[in-house]
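Please read the structure below before turning to the comments.
Protein chains: 2
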Amino acid sequence: MDYHVIFQPYGRRGDVPSGTSLLEAGQKLGISIRSDCGGGGTCGKCKVQVVSENRPPAKQTVLSPLTAEELEYLTAEEIDRGFRLACQAYVLANVLISIPEESRELNQIILESGVKRTLHLNPAVRAYAVHCPAGSLTNQTADWERVKFELEHNHNLPQILIIDYSALISLPDVLRKQNGEVTLYVWENKEVIGVQAGLESLNLGVAIDLGSTTVVAYLCDLTNGKVLGIESIVNPQVKYGEDVLARITYALNGPESLNDLHNIIIDGINSLIKKLNNHTHTAAADIHDVVIVGNTVMHHLLLKINPQYLGRLPFLAAIQSAVDLRARDLGIQINPGGKIYILPNEGGFVGADNVADLIAEEPYNGDKLKLIIDIGTNGEIALANRKILAVTSCATGPAMEGAQIKFGMRAATGAIERVTIDPENLKTDYKVIGKDEWASENPATEARGICGSGIIDIVAELFKSGVINKTGKFVMSAPSARLRKNDDGKIEFVIAWKEETAIGKDITITQGDIRAIQLAKAALYTGAKYLMSKYNIEKVDEIILAGAFGNYIKPENALLLGMFPDCPLEDIIAVGNAAGDGAKSALLDVDKRFEAQEIARRSVLVETAVETDFQAQFAYAIYIPHAKDNFPQLKSILEKIPQWDKIVTTNK
Amino acid sequence: MDYHVIFQPYGRRGDVPSGTSLLEAGQKLGISIRSDCGGGGTCGKCKVQVVSENRPPAKQTVLSPLTAEELEYLTAEEIDRGFRLACQAYVLANVLISIPEESRELNQIILESGVKRTLHLNPAVRAYAVHCPAGSLTNQTADWERVKFELEHNHNLPQILIIDYSALISLPDVLRKQNGEVTLYVWENKEVIGVQAGLESLNLGVAIDLGSTTVVAYLCDLTNGKVLGIESIVNPQVKYGEDVLARITYALNGPESLNDLHNIIIDGINSLIKKLNNHTHTAAADIHDVVIVGNTVMHHLLLKINPQYLGRLPFLAAIQSAVDLRARDLGIQINPGGKIYILPNEGGFVGADNVADLIAEEPYNGDKLKLIIDIGTNGEIALANRKILAVTSCATGPAMEGAQIKFGMRAATGAIERVTIDPENLKTDYKVIGKDEWASENPATEARGICGSGIIDIVAELFKSGVINKTGKFVMSAPSARLRKNDDGKIEFVIAWKEETAIGKDITITQGDIRAIQLAKAALYTGAKYLMSKYNIEKVDEIILAGAFGNYIKPENALLLGMFPDCPLEDIIAVGNAAGDGAKSALLDVDKRFEAQEIARRSVLVETAVETDFQAQFAYAIYIPHAKDNFPQLKSILEKIPQWDKIVTTNK
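If you're matching them up, the sequences are chains A and B in order. Sequence positions in the first sequence follow our numbering and run 20 to 671. Sequence positions in the second sequence follow our numbering and run 20 to 671.
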């Protein structure tokens, strides 16, 4: 016979056979209860509390009787309040158990996206299932005060609880729907922000990486840290401007324009949340917490703060601290009492997205000096280890995210994410997101476009094959039918033939596309170099490539392009969307929020736009690779390129 | 030559002659700065801080130079931060001064409404004028963090400040409007809830007594406690039901009906605030705090909480604690970051209005046992002294507020508030609110109707004159042209002839009106008597009559009616709108909010509706005076009534 066991405050639940100890039940359901003696009843550390039947004598019936060991480790008052040792008490009926703070093992979870990251599950909002007794003429205590008593006395919450207005107004009806069985969502151990009838309600959160071009949202289960769904959209603000400067300029038109930019992104976020809910068969009301990261301009537009002072000297943000507000104040459609937490900004031009990269990568905990490059429309660069913590940003433009590229698209199903070109015969192969085989194995690729990592591959491979030269220009003598003039007389190189695609058109890369990538990579290189020169750093220990442009960036090709200063290939690591991972970690572990505040406070901002030689440095960086960097690490790769001598000679 | 001096955090300001000491300037402007030595420079208690020019060397120019006494009592760090002794520093230019907490005398203010009440000015929201330095490329600290630094370091606020979302979004523009001169509105020393450009912004609050029939709002200046305006309206919910039970019944129709009740009162409150603003030439944005009191049903409907559980056994409220929320969450149109504070309820049927009566009257601080009767559509009764604190409520009906009375109206200009009838000749005289003379002195009274105190007078005077008998019935033989049948064949008594009125109609009192008053007073008497009998109290030391029905209630007439148990006349005190006074005191002094929470928690609820002999007791109480009370204190009054013997005989 199986019985249903629920563990609070995580809300983890499942069935276990009759006679399973609570300690084993916890292990089975993925809850770590502290047990220093390994379940022998000799340490007394695995104290838990029976909630559903905590009024004698009923408590005797759902679990096996008290043992001698329990009588030794539990006080009479604890026994009266339903406390048991988890290793000594065996399940004999359905039971709801609360694990006090001191009996919880820190609950380690693993985020798997670009790389695996380990963190502790410690969300801001926790769900507490409560049996609230009904009132009577002899106890006319009001609804909220009866619920508050249960939480404070039977769930060991501090006696300072308040209730949010939206939760309060639904409390009387919700409380009576299932005879006093309710789930209460408690934020930071101090405020009830949501109530739902019954003991088995969901507790979800959303982490959002709000990029200038791409917005990615992750739906997470706050009871176990699992990512239930991921959705992304193009930031709908692009219709008002491709990059942050264009949007600041649009906002200068007046409050109406600022409203436009604000409303459209709020609508966009709501559409993402709706998709996440639909695909996971969950409801907006189940979502109680949202963490958002983005650059300072995205941050200000999201909040409807005039961004104009970000765009002019001395580049001041409205706020650096984290912003903690109600979803309803922003019009984000989750539970009406739900919370929004926006990570802190480091300054006027380096924002919460960079902070998110940092708390995901944690370079400040190690000795290795890392250069973290977040490749987006606004590039965020950090140079950091235990001693140094310096940050900057650069206007990369949207090319790396596939925007303003003829066949560019974001990293989604159908995007060409990897490309190879054989320097010997210019034979071209590619792989599409959503397909396991390369085009050469199965030409029915149904490609729809090219995402960031594909574009980087293409430009690097074209260069290695001599199809473009050091200045990025097509070398028209290259012997390939793929290199051609299109109908407008513009030169282009075909990556996928129309028969292979889902769009019925040849997918090509144009001279303009290559120029856009050069500008983007030059901005990244220049930013990184200024940051390093500020600290007289010639060489970093590790280069971390982050971004929502696709996880499969090939370090060799990125280095060859001259996207960042020279570095041994083995020290270049692509980690995927680190900002998204940082947002998820701040959603799942409140301690990461404190860490973020501290990091934002400590970071040194390096402003490159005011450097007098910026234009000259930028011009050198447009070359493939950089015109001045001698790339000692890259040399062996370069020398393997057949046309290398010719290329070098041509461009001298 | 006069200079302008502003004192923070009160925002008190004014001009003083050159050479005035800051201590004298404070006294002149009504700010009490602590000065144990009386201004001799020998106690060091009058430390204040110069804010406007607190960066050396400018600070030397606005005030006289530092004296030897100051060098003795001020540390080098304090001098550097602009601290001075108020008795030693003389005004030589316009100056902005901040008075630290420890240098403030508790600021006593007096509320004058029905009675004078003294309280300390200690509002939840205080205004701080700040000169915030601009940012620069070498100090790129964000706007909020620069402001926060000023508040925390130059205004001695604790370093935990946060900023509300609505204040944050206006900060960047407001900060730059007057070169960094801003006024910040700080709630409970922890949150900036509003920002306004310039150093001289208003800081206003509103106290609201939300009655079933009458809603009264008081606009107060939070910098000096002055009441700037009073407005009242009939509660627009009356269209959905005259009393609390009728409105609960209406709300039972479903969420739409609850919305109707909620929306109409929010609109009503907004219209009151608009009137207050218009009449005082102030703006909604100047209002930062609102305190509301009302019975539990009004409380729930205001908050859009389903009131049905208040109306059925065991009469449970949704919440007893005070409710603290944002004005924008409720749609109350004040400053968007402004706060709403609703006083706590004592239980399901005794609400925040009774708590307001109690914190205004403070019976719990004295030995005198007081019976506090708040005469509204829902009557609230408390029996209290240092030892006892018991409360109940009763369904009085709206008659005492002039509703459901043929010519009834609320206590406003044109209302007949006092009436006398000579028992010898039935000569009738009356006085109207807004006129100093009685009708007999100047018949052009422009009366428009009769308010609660007038109705009580009329019924008592009719009885004393033998025009009505002990059962409340008109004695048709009474020799007066004023007693007549109206067009519908109903008996009525004329109070004001149409020529005297502003409405062109005779203002009369009908048999139905008298019946309504009898039901109301019977409810009050029965409630009070149950409360007393619960504690075996035969006689109280004082009876306090409160209510928004008009301040000029005549204790003799109220006693004669049998509105409450017998009491010596000199111990019956009419205090006007005590609930409104309680709301004002909680608005002006946050300590009164804590007092209210404590009182609400301590109060013993006495439920009369479940008493088995309620109907019988109520029936006795309908008589004029009470059929069973022998009114020893009233006897001498009764015996002076010419027809007394006859009346007593008639009704035996």
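Where a beta carbon is used, it is the ideal one built from N, C-alpha and C, also for glycine.
Here DSSP, grouped into helix, strand and coil, assigns residue 504/B to strand. With the rule of 3 Cβ pairs closer than 8 Å, the region 164–172 of chain A does not count as touching the region 343–363 of chain B. Here residue 397/A is bridged, per DSSP, to 414/A.
Across the region 179–200 of chain A, CB contacts with chain B closer than 7 Å involve 184, 187, 188, 190, 191 and 192, in sequence order along the chain.
The three-state secondary structure of residue 438/A, taken from DSSP, is strand. Under the 8 Å criterion on CB atoms, residue 344/A is classed as interfacial with respect to chain B.
Close to residue 334/B, with beta-carbon spacing below 7 Å, are these residues of chain A in chain order: 159. Using a Cβ-Cβ distance cut-off of 8 Å, the region 358–376 of chain A and the region 615–630 of chain A are in contact, since at least three pairs of beta carbons, one from each stretch, lie closer than that value.
Along the region 376–408 of chain B, none of the residues has a CB nearer than 8 Å to a CB of chain A. The secondary-structure analysis by DSSP pairs residue 110/A across a beta bridge with 82/A.
Along the region 320–333 of chain B, going in chain order, the ones with a CB nearer than 7 Å to a CB of chain A are 322, 323, 324, 325, 328, 332 and 333.
Any Cβ of chain A closer than 8 Å to the Cβ of residue 169/B would place that residue at the interface, and such an atom is absent. Inter-residue distance for residue 157/B and residue 191/B is about 19 Å (C-alpha atoms, whole angstroms). If the five residues before and after residue 35/A are omitted, its C-beta is found closer than 7 Å to the C-beta atoms of 21, 22, 24, 44, 47 and 110, all from its own chain and listed in chain order. CA-to-CA, the gap between residue 615/B and residue 202/B works out to about 30 Å. The C-beta distance from residue 244/B to residue 390/B rounds to 29 Å, too long to meet the 8 Å contact threshold. Taking the CA atoms as reference points, residue 86/B sits about 16 Å from residue 69/B. Identification of chain B residues near residue 348/A by a Cβ-Cβ cut-off of 7 Å yields 184, ordered along the chain.
Distance from the CA atom of residue 397/B to the CA atom of residue 367/B, rounded to whole angstroms, is 13 Å.
The region 263–272 of chain B makes no contact with the region 285–300 of chain B; the number of CB pairs closer than 8 Å stays below 3.
The DSSP-derived three-state label of residue 163/A is helix. For residue 640/A, same chain residues with a beta-carbon under 7 Å away, outside a window of 5 residues either side, are 541, 544, 545 and 581 in chain order. With at least 16 other beta carbons inside 10 angstroms of its own, residue 117/B counts as buried. With fewer than 16 neighbouring CB atoms inside 10 Å of its own CB, residue 613/B falls in the exposed class. Contact with chain B is absent for residue 615/A, since none of that chain's Cβ atoms lies less than 8 Å from the residue's Cβ.
For residue 150/A, there is no enclosing alpha helix (DSSP H); the enclosing beta strand (DSSP E) has its first and last residue at 144–150. DSSP, read as helix, strand or coil, puts residue 220/A in coil. Residue contact check for residue 410/A against chain B: no CB pair falls below 8 Å. Legend: CB atoms of the region 507–523 of chain B lying less than 7 Å from CB atoms of chain A are not found in any residue. In the DSSP assignment, residue 515/A falls within the beta strand (DSSP E) that extends over 510–515. Using a Cβ distance threshold of 8 Å, residue 41/A and residue 108/A count as a contacting pair.
For residue 111/A, no chain B residue has a C-beta closer than 8 Å to its own C-beta; the minimum C-beta separation is roughly 35 Å. In summary, the residues of the region 622–637 of chain B whose CB is separated from some CB of chain A by less than 9 Å are 624, 626 and 629, in the order they occur in the chain. Here residue 353/B is buried: its Cβ has 16 or more other Cβ atoms, across all protein chains shown, within 10 Å. As the crow flies, the alpha-carbon of residue 429/A is around 7 Å from that of residue 471/A.
Considering only 146/A, 187/A, 318/A and 199/A, the residue with the shortest C-alpha distance to residue 188/B is 318/A.
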